[in-house]
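Quick note, the sequences are listed as chains A and B, same order.
Per the numbering used here, residue 559 is the first one in the first sequence, and the count goes up by one each step.
Per the numbering used here, residue 32 is the first one in the second sequence, and the count goes up by one each step.
Ideal Cβ placement from N, Cα and C applies to all residues, glycine included.
Note that this is a predicted model, so its numbers are computed, not measured.
To start, the structure under review is shown below, and the notes come after it.
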Amino acid sequence: MTWAELLPGRMRPRSELSMTRGAPLLAALGVLLALALPVALGIGAVAISPLEILAIVARQFGMTLEGVPVEARQEAVLLAIRLPRGAVGCARRRRARRVWGVGAGAVPQPAGRSGAHWHRQWRRGGCGGGHFVLVRVPPGSPSWLLAGLLPVAAFGGSALATVLVYRLAGRAAVTLVGTLLLAGIAVNAFAGAGTGLLSFVASDAQLRALVFWTLGSLGGATWQGLAGAAPCLLAALVALPAVAPSLNVLRLGESEARHLGVDVERLKRRIIFLVALGVGASVAVSGVIGFVGLVVPHLIRLAAGADHRIVLPGSILLGASLLVGADLLARTVVAPAELPIGIVTAFAGAPFFLWLLRRTPSVAWS
Amino acid sequence: MLAAYDLTVRSGSTTLLAGVSVAVPPGHVLAVVGPNGAGKSTLLRTLAGDITPASGDIVLEDRPLVAWRTPDLARIRAVVLQHGRFDSAFSALEVALLGRAPHAGRVSRTRDIAIAAAALHASDAAHLRSRSYPTLSAGEQQRVQLARALAQVWDVAPGAPRYLLLDEPTSALDLAHQHRTLQCLRDWALRGAGVLVVLHDLNLAAIYADRILVLRGGRAVACGPPAQVLTPAVVESTFDVRVALVDVPQLGHAMLVPHAPSGARSVSRAAPRGQ
Chain A
559 MTWAELLPGR MRPRSELSMT RGAPLLAALG VLLALALPVA LGIGAVAISP
609 LEILAIVARQ FGMTLEGVPV EARQEAVLLA IRLPRGAVGC ARRRRARRVW
659 GVGAGAVPQP AGRSGAHWHR QWRRGGCGGG HFVLVRVPPG SPSWLLAGLL
709 PVAAFGGSAL ATVLVYRLAG RAAVTLVGTL LLAGIAVNAF AGAGTGLLSF
759 VASDAQLRAL VFWTLGSLGG ATWQGLAGAA PCLLAALVAL PAVAPSLNVL
809 RLGESEARHL GVDVERLKRR IIFLVALGVG ASVAVSGVIG FVGLVVPHLI
859 RLAAGADHRI VLPGSILLGA SLLVGADLLA RTVVAPAELP IGIVTAFAGA
909 PFFLWLLRRT PSVAWS
Chain B
32 MLAAYDLTVR SGSTTLLAGV SVAVPPGHVL AVVGPNGAGK STLLRTLAGD
82 ITPASGDIVL EDRPLVAWRT PDLARIRAVV LQHGRFDSAF SALEVALLGR
132 APHAGRVSRT RDIAIAAAAL HASDAAHLRS RSYPTLSAGE QQRVQLARAL
182 AQVWDVAPGA PRYLLLDEPT SALDLAHQHR TLQCLRDWAL RGAGVLVVLH
232 DLNLAAIYAD RILVLRGGRA VACGPPAQVL TPAVVESTFD VRVALVDVPQ
282 LGHAMLVPHA PSGARSVSRA APRGQ
């Protein structure tokens, strides 16, 4: 089943190329994000209409929109609270989404299925790094220090975990999937123990910050935090599309990719670096937001085929839209309190994914 | 010319290949046959550069194989390994297009698609082009993989060499497609390609190969034109099976026919049981 088959017969595209199938999908996802963002920005304790959002943004650049009265309160809420959240929401999902798509492609072909495992790996490592910063940075430090250190530490953690697993499993002449998984489990356990230890020594206030960070939230989004993560996210964003064609070839297998002219070792090094960079930065800004990363690339693949040139940008767009939507839910359903967004995504996402899994032939998932 | 001299390949304390020499000149089909575990795939993967030999030299077009840059190599030589686990939801056309990856940026996209389509046609998979690869049967997937290899070396500069290395490309094919595939390789050899193909069917090898290399236990037992190599004596000592070389006048060539082991149901069309 593909999204195209949901359309009435005559509207179904006939093309056998993902690119042709995927282009309308990408356009639709772009529109979706463009619609979701102003709607999510406007809803909340202080209501702001799309026109008012426009007026406020315009004012920041010294322009005024005639006939659109804007309350100072609205302006403050939008600029200080909702815009950064929205921006982080987009950026974060963007990263993780795309990164996951790449990650799955990068794993040696037989291990492709274990992409989820790698994702966990990166996340857990990043988590450890983040824990370390949250616990170790003295409470009185200026917030910009924390904002700057978190992405670095999370990146360091995820990179370390990834390289460790890769090295451990890659010692044999052939990287065996079983070895890879076992090494991953061991490193995961070790990182888990590390984060556990840090939680143990943390003060009550730190512990609370840790718990919320682990559950994931855009609530802590600030322009400063975004500024710390943005360079990492941008770098990965710019560098990753270039490897999409090579990733397609890599799906054939490592030897096959080499015979098709791909420098496989260099490609893998590059991907691991970029993925660690992206995941580390996004985890640092918003904590651990589960599930969206697992599902979104699969949805895109289901809709438009396995071509990474579609799967990567498609996952970014859809992931960003979903996260902005989930954040809207998270801060409105139990207002004025706020649910951790990780809970929202997993609660809503898991049943949907299982439903999809049941009704879809397994071949469409690769 | 693709040639290897005195190749020895070891894995731990096991010797997989011992002093094997082989040559694949342009315009020739070389078939490699032998029992399971004889080292056929090891030889192919060593010639492809996947396995580094413990000793021996591999030369491609007068240059050592290791001196070739990966992208340059990919433009003149295609490799299809034994049936892989590739199961991405690409269409057959997209899989064939992956073979055009080494030429990205040098050839227009339209031309690439035309070549991929033509390659699918050549491997008799044109009707599968919009089918999702994982939904194809094993034999159909094998033909699409062949198309991918053909697309990779579809057009080279006039006079430039090209090589195809194929590991059991007929293992999942029906009778008609076994012959079609080998005829296709034969045609490519006629147009100047050097073809190395690992086969199990000795009669197929005898019909379509210019030369046959027989391996057993990592050693070359015999190498030469089919008529010289595939004698009952060589086949019996290599495969531990009694065979007869039967001339088939209707076909114009001889066939190797194995003796049924004692205990097997005897098949006699001339005198059905009960008469």
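Item to check | Inter-residue CB distance, Pro200 (chain B) and Val245 (chain B) (contact presumed, cutoff 8 angstroms) | outcome: Taking 8 angstroms as the upper bound for CB-CB distance, Pro200 (chain B) and Val245 (chain B) are not in contact here, some 19 angstroms apart.
Next on the checklist: Does the CB of Arg160 (chain B) have a neighbour CB from chain A at under 8 angstroms?
Outcome noted: yes
Item to check | For Leu832 (chain A), the nearest candidate out of A:Leu740, A:Gly811 and A:Leu798 (CA to CA) | outcome: Closest by C-alpha distance to Leu832 (chain A), out of A:Leu740, A:Gly811 and A:Leu798, is A:Leu798.
Checklist entry - Just the Cα atoms here: how many angstroms apart are Arg127 (chain B) and Ile901 (chain A)? => result Note that residue 127 (chain B) is Ala in the sequence shown, not Arg. Rounded to the nearest angstrom, the two C-alpha atoms are 43 angstroms apart.
Item to check | Within chain B, the residues that Ser840 (chain A) reaches when beta carbons sit closer than 7 angstroms | outcome: Here the premise fails: no neighbours, minimum Cβ distance about 26 angstroms.
Item to check | Beta-carbon spacing of Leu195 (chain B), Val184 (chain B) below 8 angstroms | outcome: For Leu195 (chain B) and Val184 (chain B), yes; Cβs fall inside 8 angstroms.
Checklist entry - Which of the residues in the stretch 112 to 128 of chain B, read from start to end, lie with their CB under 9 angstroms from any CB of chain A? => result Leu112, Gly115, Arg116, Phe117, Asp118, Ser119, Ala120, Phe121, Ser122, Ala123, Leu124, Glu125, Val126 and Leu128
Checklist entry - So, using beta-carbon positions, are Leu177 (chain B) and Val226 (chain B) closer together than 8 angstroms? => result no
Checklist entry - Using Cβ-Cβ distances below 8 angstroms, what residues of the stretch 79 to 90 of chain B are close to chain A? => result Ala79, Gly80 and Asp81
Next on the checklist: With H, G and I counted as helix, E and B as strand and the rest as coil, what does DSSP make of Ile107 (chain B)?
Outcome noted: helix
Next on the checklist: Would Thr73 (chain B) and Leu48 (chain B) be called neighbours here (beta carbons separated by less than 8 angstroms)?
Outcome noted: yes
Item to check | Whole-angstrom distance between Arg579 (chain A) and Gly58 (chain B), CA atom to CA atom | outcome: C-alpha of Gly58 (chain B) to C-alpha of Arg579 (chain A): approximately 41 angstroms in a straight line.
Checklist entry - Are the CB atoms of Glu267 (chain B) and Val274 (chain B) nearer to each other than 8 angstroms? => result yes
Checklist entry - When DSSP labels each residue in this structure, what does Leu886 (chain A) get in the three-state scheme? => result Three-state DSSP puts Leu886 (chain A) in a helix.
Checklist entry - Within the 8 angstroms Cβ cut-off, does Pro102 (chain B) reach chain A? => result yes
Item to check | Which of helix, strand or coil DSSP assigns to Met32 (chain B) | outcome: coil
Checklist entry - By the criterion of Cβ-Cβ separation under 7 angstroms, what are the contact partners of Val110 (chain B) in chain A? => result His817
Item to check | Touch test, the stretch 144 to 155 of chain B against the stretch 817 to 834 of chain A, Cβ-Cβ under 8 angstroms, three pairs minimum | outcome: no
Checklist entry - Using a Cβ cut-off of 7 angstroms, which residues of the stretch 796 to 813 of chain A contact any Cβ in chain B, in chain order? => result Pro803, Asn806, Val807, Arg809, Leu810, Gly811 and Ser813
Next on the checklist: How far does the alpha helix (DSSP H) with Ile144 (chain B) in it extend, from its first residue to its last?
Outcome noted: Arg140 to Ala153
Item to check | Supposed close pair Gly87 (chain B), Ala35 (chain B) - CB separation, criterion 8 angstroms | outcome: 6 angstroms
Checklist entry - Among all the DSSP beta bridges, which residues are the ones paired with Ile89 (chain B)? => result B:Ala35
Item to check | Any chain B beta carbon closer than 8 angstroms to Ala864 (chain A) | outcome: yes
Item to check | Proximity below 8 angstroms, CB of Pro189 (chain B) to CB of Glu92 (chain B) | outcome: no
Next on the checklist: For a test of the three-state rule: what should DSSP assign to Thr46 (chain B), helix, strand or coil?
Outcome noted: strand
Checklist entry - Excluding the five sequence neighbours on either side, which residues of its own chain have a C-beta within less than 7 angstroms of the C-beta of Ala79 (chain B), listed in chain order? => result Val110 and Leu196.
Checklist entry - How long is the line joining the alpha carbons of Ala264 (chain B) and Gly249 (chain B), rounded to whole angstroms? => result 19 angstroms
Checklist entry - Do you know offhand how far Pro855 (chain A)'s Cα is from Arg222 (chain B)'s? => result Rounded to the nearest whole angstrom, the C-alpha separation of Pro855 (chain A) and Arg222 (chain B) is 44 angstroms.
Item to check | Whole-angstrom distance between Ala888 (chain A) and Leu897 (chain A), CA atom to CA atom | outcome: 5 angstroms
Checklist entry - Any Cβ of chain A within less than 8 angstroms of the Cβ of Pro314 (chain B)? => result Nothing in the structure corresponds to residue 314 (chain B), since chain B is present only between 32 and 306.
Next on the checklist: I'd like to check one pair, Leu818 (chain A) with Pro280 (chain B): are the Cβ atoms closer than 8 angstroms?
Outcome noted: No, they are not a contact pair.
Checklist entry - Got a sec, what are the start and stop residues for the beta strand (DSSP E) Tyr194 (chain B) sits in? => result Tyr194 to Asp198 is the span of the beta strand (DSSP E), which, as asked, contains Tyr194 (chain B).
Next on the checklist: Check this for me: beta carbons of Gly836 (chain A) and Ala862 (chain A), under 8 angstroms apart or not?
Outcome noted: no
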